[in-house]
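In our numbering, the protein residues as written are 622 to 683.
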């Protein structure tokens, strides 16, 4: 897939590298702006089952 994209980009290696970098940045931007906020309510990371009152481990008996 990446080879196919690389072969279809215009220009020499430097221009292709810059275009590839811009494409990667655009994908990362789209993920952080649209996909991750949409998926965040669907993920179970807000369901905390650890109780804050009983913090066992080091220093629990002090």
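Every residue, glycine too, gets a C-beta built ideally from N, C-alpha and C.
Legend entry - Helix, strand or coil at residue 649 [DSSP, three-state]: helix
Inset, instruction - Taking the CB atoms as reference points, tell me whether residue 640 and residue 630 lie closer together than 8 Å. - result: yes
Inset, instruction - Give a yes or no on whether the minimum CB-CB distance between residue 639 and chain C is below 8 Å. - result: Of the protein chains in the structure, only one exists, and it is not chain C.
Inset, instruction - In the DSSP assignment, find the unbroken alpha helix (DSSP H) run with residue 657 in it and report its ends. - result: 657–660
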